[in-house]
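**Student:** In the order they appear, the protein sequences are chains E and U. 1 is the number of the first residue of the first sequence in the working numbering; add one for each residue after it. 1001 is the number of the first residue of the second sequence in the working numbering; add one for each residue after it.
There are 2 protein chains.
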Amino acid sequence: MEPIANQALLPLLSEDVRNTVINAGVTKRFQTEQVIHQRGDGMPGLSIILVGRVRFGIYTQRGAYIQTGVLGAGHCFGEATLFAKTPRAYDADALGETEICDISQARFEALVEQSPEISKALLVTLTTRLYEALEFADDLRALSAEDRIVKLLIRLSASGGFDDGVLPVRQTDIAYALGLSRVHVGAALKKLQERGVLKLGYREIVLRARDANIRL
Amino acid sequence: MEPIANQALLPLLSEDVRNTVINAGVTKRFQTEQVIHQRGDGMPGLSIILVGRVRFGIYTQRGAYIQTGVLGAGHCFGEATLFAKTPRAYDADALGETEICDISQARFEALVEQSPEISKALLVTLTTRLYEALEFADDLRALSAEDRIVKLLIRLSASGGFDDGVLPVRQTDIAYALGLSRVHVGAALKKLQERGVLKLGYREIVLRARDANIRL
DNA sequence: CATTGAATGCTAAATATTTTGCATTTAAGG
DNA sequence: CCTTAAATGCAAAATATTTAGCATTCAATG
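#1: Tell me, to the nearest whole angstrom, how far the beta carbon of residue 1023 of chain U is from that of residue 1128 of chain U; I am working on the premise that it is less than 8 Å.
#2: Any C-beta of chain U sitting closer than 7 Å to the C-beta of residue 216 of chain E?
#3: Measuring alpha carbon to alpha carbon, tell me which residue in E:76, E:137, E:87 is nearest residue 177 of chain E.
#4: The alpha helix (DSSP H) that contains residue 1131 of chain U, what's its start and end?
#5: If we ignore side chains and look at the alpha-carbon of each, how far apart do residue 959 of chain U and residue 161 of chain E end up?
#6: Between the Cα of residue 1087 of chain U and the Cα atoms of U:1119, U:1040, U:1058, U:1069, which residue gives the shortest distance?
#7: Can you give the Cα-Cα distance for residue 78 of chain E and residue 1034 of chain U, rounded to whole angstroms?
#8: Given a limit of 8 Å on CB to CB distance, which residues of the region 1115-1139 of chain U reach chain E?
#9: Buried or exposed for residue 1197 of chain U, please, with buried defined as at least 16 other CB atoms from any protein chain shown within 10 angstroms of its CB.
#10: Is residue 1066 of chain U close to chain E, meaning its C-beta is less than 7 Å from at least one C-beta of that chain?
#11: Am I right that residue 1235 of chain U and residue 1145 of chain U are in contact with their C-beta atoms under 8 Å? What's the rounded C-beta distance?
#12: Short of 6 Å in beta carbon distance, which residues of its chain neighbour residue 1081 of chain U, apart from the five on each side in sequence? Order them along the chain.
#13: If contact is defined by three or more beta carbon pairs under 8 Å, each pair taking one atom from either stretch, is the region 1042-1062 of chain U in contact with the region 1101-1115 of chain U?
#14: Does the beta carbon of residue 1030 of chain U fall short of 6 Å from some heavy atom of the ligand HEM?
#15: Give me, in chain order, the residues of the same chain whose beta-carbon lies closer than 7 Å to that of residue 186 of chain E; leave out the 5 immediate sequence neighbours on both sides.
#16: List, in chain order, every chain U residue whose beta-carbon is nearer than 7 Å to that of residue 83 of chain E.
#17: When DSSP labels each residue in this structure, what does residue 1021 of chain U get in the three-state scheme?
#18: Determine which residues of the region 141-152 of chain E have a Cβ less than 8 Å from any Cβ of chain U, and write them out in chain order.
#19: At what residues does the alpha helix (DSSP H) containing residue 1186 of chain U begin and finish?
#20: Who are the Cβ neighbours of residue 1157 of chain U in its own chain at under 8 Å, not counting the five residues just before and after it?
#21: Tell me, to the nearest whole angstrom, how far the beta carbon of residue 123 of chain E is from that of residue 1122 of chain U; I am working on the premise that it is less than 8 Å.
#22: Measure the beta-carbon distance from residue 94 of chain E to residue 32 of chain E and round it to whole angstroms, keeping in mind my assumption that it falls under 8 Å.
#23: Tell me which residue opens and which closes the beta strand (DSSP E) that residue 173 of chain E is part of.
#24: With a CB to CB cut of under 6 Å and the five nearest residues on each side skipped, what residues in its chain are close to residue 1139 of chain U?
#25: In chain E, which residues lie less than 9 Å from residue 1036 of chain U when you measure between Cβ atoms?
#26: In its own chain, which residues sit with a C-beta less than 7 Å from the C-beta of residue 74 of chain E, not counting the 5 before and 5 after it?
#27: Please decide whether residue 1060 of chain U counts as near chain E, where near means a Cβ-Cβ distance under 7 Å.
#28: Sorted by chain position, which residues of the same chain lie with C-beta nearer than 7 Å to residue 1184 of chain U's C-beta, five sequence neighbours on each side aside?
#29: Under a Cβ-count criterion, where at least 16 other Cβ atoms within 10 Å of its own Cβ denotes burial, should residue 1212 of chain U be classed as buried or exposed?
#30: Whole angstroms is fine: what's the gap from residue 1205 of chain U's alpha carbon to residue 1153 of chain U's?
#31: Please tell me whether residue 179 of chain E has its Cβ less than 7 Å away from any Cβ of chain U.
#32: With a Cβ-Cβ cutoff of 7 Å, do residue 1090 of chain U and residue 1058 of chain U count as a contact?
#33: Does the CB of residue 188 of chain E have a neighbour CB from chain U at under 7 Å?
#34: What does a CB cutoff of less than 6 Å around residue 76 of chain E pick up in its chain, not counting 5 residues either side in sequence?
#35: So, is residue 69 of chain E buried or exposed, given that buried needs 16 or more other C-beta atoms within 10 angstroms?
#36: Need the endpoints of the alpha helix (DSSP H) that residue 1026 of chain U sits in, please.
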């Protein structure tokens, strides 16, 4: 799915520091679907998405994939390997052609020492993501599946420059993003279409009432 | 429920800095159930729990209460008012006799400027909490209600010094913490008891197999 | 020690959601 | 233009979970 989280790291940094940070790391390219790292990997360090999007998730014991989230360009990941000293918590793979800048722990620590700005930016990013995660969990309980779908679509619509609210989403994407079955998503979307909230297409959804009756 | 989150802020600070921080704030006492702040409140600043526990949650449109989490002594809250510039996201109230130290935004900024150590500690706390929140959301999908209950009990058991795994929990607490109905929790607990995993009591649960067949 | 409010136990009906399986539609490629 | 893999639509059965309501047990306290 789309990158939902706001407040990416890179835009929060001054141009100078941003360049310094990027130059301190090693940049690698990944093709669509290519694995960036796996849950359990050691290699502490901060990774920054320069281009593209990265999907995070894990496989349950029965082999089902659980998508935890998607981050877009400018965002970082792997903070937990630095600050919580834990191995990578999720499998990560590229959603399109993607460039990742990896900064080793040693390099990162030197950078932070040198530019306190980095810590501040990280605090903003992480706080935003924490509260988004909490809100996501709350919504799971407070909102119906239909409402959660509408909320997701509205966010998506608000996030990127899509013409006329034509969103390039597959129903499967919605199912993964929200942790619902495809069948349930399909049924909910059908109801929403009947209510005139949106119009379904092949690989796309046209959002009619951006502000439906949903409180974001 | 109990404080689940690890890596509280205060223990991560050196004694000096910890004292400086606490002295920079205004400490208030709260009785059980007393409201500390409400969702939407302005007042940016960092709040630190010196004594007791604080429960966070919101009310849905239909009046149902959703408990988002509980934080214990040493933890901080209100980061989002500083770093994300948002109003308080949750209603907060004291779970027992509680002492909260409030540090104004101005004071906090001065402190951070003076002791970079504070930023680092905050990064550790926030990262830990972010990944706990993500894991919580994942568990919602990957684990059955029974497994989530066992996981919660094991964590609780591991967190505090309870004799022989005798946990002072009400079934209602579990229901709130996990977002399940009391009936469902009761039924799941009964099954677990039949399997010999635990023993139910009045206002308490005795955990028999701490490591059940659950992968934490 | 009797009373009482809180906590638990239990049941049945209603709702939400997943699983399975197959049919149909769509866009892309040969 | 035909073929094909992916995406969607749909239906039925199985599960999971909530809601509502009431009975019972427990412990605090007067």
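The C-beta atom is built at its ideal place from N, Cα and C for all residues, glycine as well.
**Tutor:** Looking at the coordinates:
#1: Locating residue 1023 of chain U in the second sequence gives position 23, counting from the first residue. Locating residue 1128 of chain U in the second sequence gives position 128, counting from the first residue. So it is not a contact: roughly 26 Å between Cβ atoms.
#2: Walking along the first sequence from the start, residue 216 of chain E turns up at place 216. Since pLDDT at residue 216 of chain E reaches only 43, below the 50 mark, its modelled position is unreliable, and the value read off the structure follows with that caveat. With 7 Å as the cut-off, residue 216 of chain E does not count as an interface residue toward chain U.
#3: Your numbering for residue 177 of chain E matches position 177 in the first sequence. Here the closest residue by C-alpha is E:137.
#4: Numbered from 1 along the second sequence, position 131 holds the residue referred to as residue 1131 of chain U. Where residue 1131 of chain U is concerned, the enclosing alpha helix (DSSP H) starts and stops at 1116-1142.
#5: In this structure chain U extends from 1001 to 1216, so residue 959 of chain U is not present and cannot be described.
#6: Taking the first residue of the second sequence as 1, we reach residue 1087 of chain U at position 87. Of the candidates U:1119, U:1040, U:1058, U:1069, the one whose C-alpha sits nearest the C-alpha of residue 1087 of chain U is U:1040.
#7: As a working mapping, residue 78 of chain E is identified with position 78 in the first sequence. As a working mapping, residue 1034 of chain U is identified with position 34 in the second sequence. The straight-line gap from Cα to Cα measures roughly 38 Å.
#8: Listed in sequence order: 1116, 1119, 1120, 1122, 1123, 1124, 1126, 1127, 1128, 1129, 1130, 1131, 1133, 1134, 1135, 1136, 1137, 1138.
#9: On the second sequence, position 197 is the one that residue 1197 of chain U refers to. Buried, since its Cβ has 16 or more Cβ neighbours within 10 Å.
#10: For the purposes of this step, residue 1066 of chain U is identified with residue 66 of the second sequence, where counting begins at 1. For residue 1066 of chain U, the answer is yes, since a Cβ of chain E falls inside 7 Å of its Cβ.
#11: Residue 1235 of chain U lies beyond the range of chain U shown here (1001 to 1216); nothing can be said about it.
#12: For the purposes of this step, residue 1081 of chain U is identified with residue 81 of the second sequence, where counting begins at 1. Correct list, in chain order: 1044.
#13: The region 1101-1115 of chain U vs the region 1042-1062 of chain U: in contact.
#14: Questions concerning the ligand HEM fall outside what the structure shown contains, since it holds no ligand whatsoever.
#15: The residue you call residue 186 of chain E lines up with position 186 of the first sequence. Excluding sequence neighbours, residue 186 of chain E sits near 171.
#16: The residue labelled residue 83 of chain E in the question sits at position 83 within the first sequence. The answer, in chain order, is 1123, 1124, 1127.
#17: Reading the second sequence from its first residue, position 21 is the one you call residue 1021 of chain U. Note: residue 1021 of chain U maps to helix in three-state DSSP.
#18: From the region 141-152 of chain E, only 141, 142 have a Cβ closer than 8 Å to chain U.
#19: Locating residue 1186 of chain U in the second sequence gives position 186, where the first residue counts as 1. Residue 1186 of chain U -> alpha helix (DSSP H) spans 1182-1194.
#20: In the second sequence, residue 1157 of chain U corresponds to position 157, counting from 1. If we look at residue 1157 of chain U and ignore the five residues flanking it on each side, its Cβ neighbours are 1165, 1167, 1207, 1210.
#21: Within the first sequence, numbered from 1, the residue matching residue 123 of chain E stands at position 123. Within the second sequence, numbered from 1, the residue matching residue 1122 of chain U stands at position 122. Sure, about 6 Å apart at Cβ, within 8 Å.
#22: Taking the first residue of the first sequence as 1, we reach residue 94 of chain E at position 94. Taking the first residue of the first sequence as 1, we reach residue 32 of chain E at position 32. Separation of the CB atoms of residue 94 of chain E and residue 32 of chain E is rounded to 6 Å, and the pair is thereby assigned contact status at 8 Å.
#23: The residue you call residue 173 of chain E lines up with position 173 of the first sequence. Run containing residue 173 of chain E: none in the beta strand (DSSP E); it sits in the alpha helix (DSSP H), 171-178.
#24: For the purposes of this step, residue 1139 of chain U is taken as residue 139 along the second sequence, with counting starting at 1. So the qualifying residues of the chain are 1148.
#25: As a first step, residue 1036 of chain U is located in the second sequence; it is residue number 36 there, counting from the start. Residues of chain E passing the Cβ test: none, with the nearest at roughly 17 Å.
#26: Along the first sequence, read from residue 1 onward, the residue named residue 74 of chain E stands at position 74. If the five residues before and after residue 74 of chain E are omitted, its C-beta is found closer than 7 Å to the C-beta atoms of 8, 9, 10, 11, 49, all from its own chain and listed in chain order.
#27: Along the second sequence, one-based indexing puts residue 1060 of chain U at 60. Chain E contact via Cβ: present.
#28: Here residue 1184 of chain U corresponds to residue number 184 of the second sequence, with the count starting at 1. Once the five neighbours on either side are set aside, the close Cβ partners of residue 1184 of chain U are 1145.
#29: Your numbering for residue 1212 of chain U matches position 212 in the second sequence. Per-residue confidence for residue 1212 of chain U stands at a pLDDT of 49, beneath the threshold of 50, marking its modelled position as unreliable; no derived number is given.
#30: Counting from one through the second sequence, the residue named residue 1205 of chain U turns up at place 205. Counting from one through the second sequence, the residue named residue 1153 of chain U turns up at place 153. The straight-line gap from Cα to Cα measures roughly 9 Å.
#31: Locating residue 179 of chain E in the first sequence gives position 179, counting from the first residue. With 7 Å as the cut-off, residue 179 of chain E counts as an interface residue toward chain U.
#32: Here residue 1090 of chain U corresponds to residue number 90 of the second sequence, with the count starting at 1. Here residue 1058 of chain U corresponds to residue number 58 of the second sequence, with the count starting at 1. Contact: yes.
#33: Here residue 188 of chain E corresponds to residue number 188 of the first sequence, with the count starting at 1. Answer no: the Cβ-Cβ gap between residue 188 of chain E and chain U never drops below 7 Å.
#34: Reading the first sequence from its first residue, position 76 is the one you call residue 76 of chain E. In its chain, beyond the 5 residues on either side, 9, 46, 48 have a beta carbon closer than 6 Å to the beta carbon of residue 76 of chain E.
#35: Here the question's residue 69 of chain E lines up with position 69 in the first sequence. Label assigned to residue 69 of chain E: buried.
#36: Along the second sequence, one-based indexing puts residue 1026 of chain U at 26. Element bounds for residue 1026 of chain U: not the alpha helix (DSSP H) but the beta strand (DSSP E), 1026-1030.
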